[in-house]
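Enquirer: Just so we're aligned, residue 2 is where the sequence shown starts under this note's numbering, counting upward by one.
What follows is a single structure, and I will ask about it in a moment.
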Amino acid sequence: MKNFYLTTAIDYANGHPHIGHAYEKILADVICRTKRLLGHEVHFLTGLDEHGQKVEQTAKERGISPQELCDSVAREFIEMCAFLNISYDDYIRTTQPRHKAIVGEILQKLFAKEDIYKAEYTGQYSTRAERFLQEKDKVDGVWPEIEFGEVTEITETNYFFKLNPHKKWLIDYIAAHDDFIFPKFRAKQVLEFLKEDINDLCISRPKNRLSWGIELPFDPDYVTYVWFDALINYISAVGYGGEHFSAFWPVDYHVIGKDILVPAHSIYWPIMLRALDLPMPKAFLVHGWWLCSGEKMSKSAGNVVDPLDYARQFGPDAFRYFVIREMNVGQDSDFSHELFLSRYNSDLGNDFGNLVSRTINMLQRYCGGVIPTIADPETPETEIMDLWSRTREKALEAYDQLQFHRALEDIFTFICAINKFLEIRAPWKLAKSDDPKDSLRLNNSLAVCAEGIRLAAAILAPILPNASQKIYEIFRLDAVAWGEYLQWNARFLAGKSLAVESLILFPRIA
Numbered sequence: 002m003k004n005f006y007l008t009t010a011i012d013y014a015n016g017h018p019h020i021g022h023a024y025e026k027i028l029a030d031v032i033c034r035t036k037r038l039l040g041h042e043v044h045f046l047t048g049l050d051e052h053g054q055k056v057e058q059t060a061k062e063r064g065i066s067p068q069e070l071c072d073s074v075a076r077e078f079i080e081m082c083a084f085l086n087i088s089y090d091d092y093i094r095t096t097q098p099r100h101k102a103i104v105g106e107i108l109q110k111l112f113a114k115e116d117i118y119k120a121e122y123t124g125q126y127s128t129r130a131e132r133f134l135q136e137k138d139k140v141d142g143v144w145p146e147i148e149f150g151e152v153t154e155i156t157e158t159n160y161f162f163k164l165n166p167h168k169k170w171l172i173d174y175i176a177a178h179d180d181f182i183f184p185k186f187r188a189k190q191v192l193e194f195l196k197e198d199i200n201d202l203c204i205s206r207p208k209n210r211l212s213w214g215i216e217l218p219f220d221p222d223y224v225t226y227v228w229f230d231a232l233i234n235y236i237s238a239v240g241y242g243g244e245h246f247s248a249f250w251p252v253d254y255h256v257i258g259k260d261i262l263v264p265a266h267s268i269y270w271p272i273m274l275r276a277l278d279l280p281m282p283k284a285f286l287v288h289g290w291w292l293c294s295g296e297k298m299s300k301s302a303g304n305v306v307d308p309l310d311y312a313r314q315f316g317p318d319a320f321r322y323f324v325i326r327e328m329n330v331g332q333d334s335d336f337s338h339e340l341f342l343s344r345y346n347s348d349l350g351n352d353f354g355n356l357v358s359r360t361i362n363m364l365q366r367y368c369g370g371v372i373p374t375i376a377d378p379e380t381p382e383t384e385i386m387d388l389w390s391r392t393r394e395k396a397l398e399a400y401d402q403l404q405f406h407r408a409l410e411d412i413f414t415f416i417c418a419i420n421k422f423l424e425i426r427a428p429w430k431l432a433k434s435d436d437p438k439d440s441l442r443l444n445n446s447l448a449v450c451a452e453g454i455r456l457a458a459a460i461l462a463p464i465l466p467n468a469s470q471k472i473y474e475i476f477r478l479d480a481v482a483w484g485e486y487l488q489w490n491a492r493f494l495a496g497k498s499l500a501v502e503s504l505i506l507f508p509r510i511a
């Protein structure tokens, strides 16, 4: 199978992890786990953006060095990733020598090509966004305070990267590649931005205003502007110019939030790559925001959700399940504690967790803890087998189309069908019968439930890695690539002794 490369946005080292950070990592992780199970060689990159004015200012306010601040923030984000079972392959920090060296190399290369030039500029500057603003950034005649904060006029000499000469090419490229931006309606937002002239990108800050950054190799009085520095992580982390880079570039997905699509990722980054004669990313996967009662979460509104609070209280799998189940990738979605509890108790506690617990208990009680063989299945059993075949195909197709919420609907329809099958077969009644046929039905019913659970655990593994691993351990199975593992095949379990006598995966919450 081909190599697969995915990146998230690198988080900015001036805040704490929130639900938006967690969701992006979980979404990326689900995609990467799915690709690994399908046999791809995956490189999953995330990391931290550590330079810039806000970092320097915050460090000064706290009486510590910028590097100390970044180290502290890095620990928080790495802890979040570990607790949420984010299976990244590399964590890039923009203060690392490997990154700084490549940023310097690229700056020198573009300066030598005269794609970078020096000029005086007067403009409206947002410290919060760390960039000069244009009139098109206004909403109803004003720059939104929540996005840009205080805006001041600044005149200074800086270095600029040429953007406008590439404008027509970029418009044509986006028009010719309708899979370049997902979901597709986001491309209209980019093309709307490109209807007007685009200013060249200011890529530097004078050291007398900002010292915390990567020094320009051709002018030691300046440091690199944060976006130009940060975007390069996508190629510096995979060894720009080396064999590993050749094996994984172009990236399959840049996973980003909708707020950083324009202009940074959809304008600056493609033009930077073109100037470097590099292939374009295959796609930008642009996700929406988590809202609270229809409003964007913010510290000032007091409605920010700490993902680790939920993960600690309910388990990381439960949090992963909720955000993947509730958000249609690319759209916004609402978060509420009540909705979280409802999903947890109904889907995870009652439907899936209860099925696992009941099946294990009955296998212990009626089969001595040994999973029986399916023999001469009747209509109720064959209906479950047929339903699985349809579920597998629909779920894998939904995974491939990044419609994970739809895949979960189909998978949990299958899980609910097994619960209904249990009620129809009623093993607790069959166990009391002296009829040999009922003895066969008893064995078949419990073997079907066990196999159904095995298959559900396998296909849910990218989303519920802990729960799936526990089920594998109970059935004494290894976690393996999907291949035939997603085919109905009771031989995987027949004759195996359960490793535990009971299991409660998701205790119900009152």
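For every residue, glycine included, the Cβ atom is placed at its ideal position computed from N, Cα and C.
1) Quick check on this structure: which residue in ILE155, PRO428, TYR400 has the alpha carbon closest to the alpha carbon of CYS450?
2) If you scan the segment 109 to 190 from start to end, which runs of the alpha helix (DSSP H) of 4 or more residues do you find wholly inside it?
3) Name the two residues that bound the continuous alpha helix (DSSP H) containing TYR367.
4) What's the call for ASN165, buried or exposed, on a 16-neighbour Cβ count within 10 Å?
5) Considering GLU244, what are the terminal residues of the alpha helix (DSSP H) in which it resides?
6) CB LEU211 to CB VAL191, shorter than 9 Å?
7) From ILE505 to ASP352, what does the alpha carbon distance come to, in whole angstroms?
8) Following the continuous alpha helix (DSSP H) through TRP291, name the residue where it begins and the one where it ends.
9) Mind checking which residues open and close the beta strand (DSSP E) that includes THR47?
10) Within its chain, find whatever has a CB closer than 8 Å to the CB of ILE510; leave out the 5 residues flanking it on each side and keep chain order.
11) For MET386, which residues in the same chain have their Cβ closer than 6 Å to its Cβ, ignoring the five residues on either side in sequence?
12) Can GLU154 and THR128 be called in contact, C-beta distance under 9 Å?
13) Going by C-alpha distance, which of LEU443, LEU409, ALA408, ASP230 is nearest ILE425?
14) Specify, as a first and last residue, the run of the beta strand (DSSP E) that PHE5 falls within.
15) Taking the beta carbon of ASP50 as the centre, do at least 16 other beta carbons fall within 10 Å, making it buried, or is it exposed?
16) Identify whether ARG477 lies in helix, strand or coil by the three-state DSSP scheme.
17) Expressed to the nearest angstrom, what Euclidean distance is found between the alpha-carbon atoms of SER498 and ASP180?
18) Please report how far the alpha carbon of ALA312 lies from the alpha carbon of TRP170, in whole angstroms.
19) Residues in its own chain within less than 7 Å of ALA319 by CB, not counting five upstream and five downstream?
20) Using 9 Å as the threshold, is the C-beta distance between VAL330 and LEU7 below it?
21) Do LEU286 and LEU28 have their C-beta atoms closer together than 9 Å?
22) Considering only their Cβ atoms, is the gap separating ILE182 from HIS100 smaller than 9 Å?
23) Could you check where the beta strand (DSSP E) with ASP220 kicks off and where it finishes?
24) DSSP has ASP91 in a bridge; who is on the other side?
25) Mark SER205 as exposed unless 16 or more other C-beta atoms lie within 10 angstroms of its C-beta, in which case mark it buried.
26) Does the segment 191 to 201 come within contact of the segment 252 to 268, defined as at least 3 CB pairs closer than 8 Å?
27) Could you say which of SER469, TYR400, GLN58 lies nearest to TRP213 if we only look at CA atoms?
28) Just reading off the alpha helix (DSSP H) that GLY453 is part of, what are its end residues?
29) Give me the Cβ distance between PHE78 and ASP12, rounded to the nearest whole Å; I'm assuming they're in contact under 8 Å.
30) Classify LYS300 as buried or exposed, calling it buried when 16 or more other Cβ atoms lie within 10 Å of its own Cβ.
31) Enumerate, from N- to C-terminal direction, the unbroken alpha helix (DSSP H) stretches of 4 or more residues contained entirely within the segment 50 to 86.
32) Ignoring anything shorter than 4 residues or poking outside the segment 396 to 437, list the alpha helix (DSSP H) runs there in chain order.
33) Where does the unbroken beta strand (DSSP E) through VAL256 begin, and where does it stop?
34) In the DSSP assignment, what residue or residues form a beta bridge with PRO207?
35) Taking one C-beta from the segment 320 to 327 and one from the segment 366 to 374 each time, how about it: are there three or more such pairs within less than 8 Å?
36) Please classify ILE147: is it buried, with 16 or more other beta-carbons within 10 angstroms of its beta-carbon, or exposed?
Expert: Result, derived from the coordinates:
1) PRO428
2) 146 to 149, 168 to 177
3) 355 to 368
4) exposed
5) 244 to 249
6) In terms of Cβ geometry, LEU211 and VAL191 do not form a close pair [threshold 9 Å].
7) 12 Å
8) Not the alpha helix (DSSP H): TRP291 falls in the beta strand (DSSP E), residues 291 to 293.
9) 42 to 50 is the extent of the beta strand (DSSP E) around THR47.
10) PHE315, LEU342, TYR345, ASN346, GLY350
11) Closer than 6 Å at the Cβ level, and outside the excluded window around MET386, lie TRP489.
12) Result no, Cβ atoms of GLU154 and THR128 do not sit closer than 9 Å.
13) Among LEU443, LEU409, ALA408, ASP230, the Cα nearest to that of ILE425 belongs to LEU443.
14) 4 to 9
15) Burial call: buried.
16) Of the three classes helix, strand and coil, the one that applies to ARG477 here is coil, per DSSP.
17) 48 Å
18) 45 Å
19) So the qualifying residues of the chain are TYR345, LEU349, PHE507.
20) no
21) Contact flag set, yes.
22) no
23) 220 to 225
24) Answer is LEU46.
25) buried
26) yes
27) GLN58
28) 437 to 461
29) In this structure PHE78 is in contact with ASP12, their Cβ atoms being roughly 6 Å apart against a cut-off of 8 Å.
30) Classification of LYS300: exposed, given that the 10 Å Cβ count is below 16.
31) 54 to 63, 67 to 84
32) You should have 405 to 426, 428 to 431.
33) 254 to 258
34) TYR223
35) no
36) exposed
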